[in-house]
Amino acid sequence: MMGTPFIFSAPSGCGKTTILLQVQRVLDNLKFSVSSTTRPPRPREIHGKDYFFISEGEFLRKVQRNEFLEWARVHDHYYGTEKKQVENYLKAGQDVILDIDVQGARQVKCALPRAVTIFILPPSWEELEKRLKLRATESPEIIRKRLKNALMEVSESYWYDFVIINDDLKSAVENVLSIIKAFRCSTYRHLYHIRNLLNSIK
Ligand code: ADP
Ligand code: 5GP
1 MMGTPFIFSA PSGCGKTTIL LQVQRVLDNL KFSVSSTTRP PRPREIHGKD
51 YFFISEGEFL RKVQRNEFLE WARVHDHYYG TEKKQVENYL KAGQDVILDI
101 DVQGARQVKC ALPRAVTIFI LPPSWEELEK RLKLRATESP EIIRKRLKNA
151 LMEVSESYWY DFVIINDDLK SAVENVLSII KAFRCSTYRH LYHIRNLLNS
201 IK
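Here the sequence shown is numbered in the numbering used here, starting from 1 and rising by one per residue.
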């Protein structure tokens, strides 16, 4: 049985990383696709866990070698999803979380139409700005740029399968868990079991 790719997109600062960390603590058989990026690491980020932090030259060589399932330029840096990593997890029957922007989500949905797309929205623009400022990982100029991009990103939320508003964190996490658990009950994931049951009837 193949695993399912779950694509999560959200405007920067919405709380996507916070939600996904909690989801991963609760569910088994759920892998996180570690992206490659040319963005410099933030203070507590770890190479190989949060991202593979690579140079622009290395990134572009990977693009040329067709190693990415998708890639995009987001907020002035390159980001990409390693094809092999995702394929290996899916083949092993593991579900995979892809934390990627709207451009990447479109590319993955084309390559893997079974992918489930989930968009996380902030309760309001004011709250989004507050969260970005509170996180304090970017300069005021970069925060302004990310808020400007947020408008374009939210206007793409229409075509996602699901939308979750991250107002109360606990509810948002519960909603993500519900979506993943529901997909794990999909009929196509149980075809083998159904066939076995039917074939083993005495
Ligand atoms: P993203 O990954 O979407 O850029 P983060 O997960 O880094 O966002 O969250 C941005 C900031 O907002 C963090 O400081 C985080 O603690 C805070 N945050 C996340 N979810 C909520 C929430 N539901 N209510 C209030 N603050 C939140
Ligand atoms: P951040 O720099 O805040 O970690 O991420 C900025 C944006 O880049 C987020 O919207 C995040 O989802 C997106 N992103 C992270 N990894 C990838 C990736 O591999 N591909 C694409 N297209 N976007 C990514």
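C-beta: ideal position from N, C-alpha, C; glycine also.
Could you pull the DSSP bridge partners for residue i from this structure?
| i | result |
| --- | --- |
| VAL163 | PHE119 |
| GLN97 | Looking at the sequence itself, residue 97 is Ile, so the reference to Gln does not match. Partner(s): PHE6 and PHE32. |
| THR37 | PHE53 and TYR79 |
Can you give me the start and stop residues for the beta strand (DSSP E) that residue i sits inside?
| i | result |
| --- | --- |
| ARG73 | 68-74 |
| HIS77 | 77-82 |
Around the C-beta of residue i, are 16 or more other C-beta atoms found within 10 angstroms, so that it is buried, or is it exposed?
| i | result |
| --- | --- |
| VAL63 | exposed |
| ALA111 | exposed |
| VAL74 | buried |
| ASN196 | exposed |
| ALA115 | buried |
| TRP159 | exposed |
| PRO206 | No statement about residue 206 is possible, as the shown extent of the chain runs from 1 to 202 and does not include it. |
| LYS130 | exposed |
| THR81 | buried |
| LYS109 | buried |
| ARG25 | exposed |
| ASP168 | exposed |
| GLU70 | buried |
| LYS16 | buried |
| GLY104 | buried |
What are the boundary residues of the alpha helix (DSSP H) that includes residue i?
| i | result |
| --- | --- |
| VAL102 | 102-111 |
| LYS49 | Careful: LYS49 lies outside any alpha helix (DSSP H) and carries neither H nor E. |
| ILE142 | 140-155 |
| THR17 | 16-26 |
| ALA182 | 169-183 |
| GLU126 | 125-135 |
| ILE194 | 191-199 |
| GLY57 | 56-64 |
Please report the Cβ distance between residue i and residue j, rounded to the nearest whole angstrom; I am assuming they are in contact, meaning their Cβ atoms lie under 8 Å.
| i | j | result |
| --- | --- | --- |
| ASP76 | LEU20 | No, ASP76 and LEU20 are not in contact; Cβ-Cβ is about 23 Å, not under 8 Å. |
| ALA150 | LEU128 | 6 Å |
| SER155 | VAL163 | With a Cβ gap of about 13 Å, SER155 and VAL163 do not count as contacting. |
| LYS102 | SER9 | First, the amino acid is wrong: residue 102 is Val here, not Lys. The Cβ separation is near 5 Å, so the contact holds. |
| PHE107 | VAL34 | A quick correction: the sequence has Gln, not Phe, at residue 107. Between VAL34 and GLN107 the Cβ distance is about 18 Å, and since that is not below 8 Å, they are no contact. |
| ILE203 | PHE6 | With the chain covering only 1 through 202, there is no way to say anything about residue 203. |
| LEU134 | ASN166 | Rounded, the Cβ-Cβ distance is 14 Å, inconsistent with contact. |
| ILE180 | ASP95 | 7 Å |
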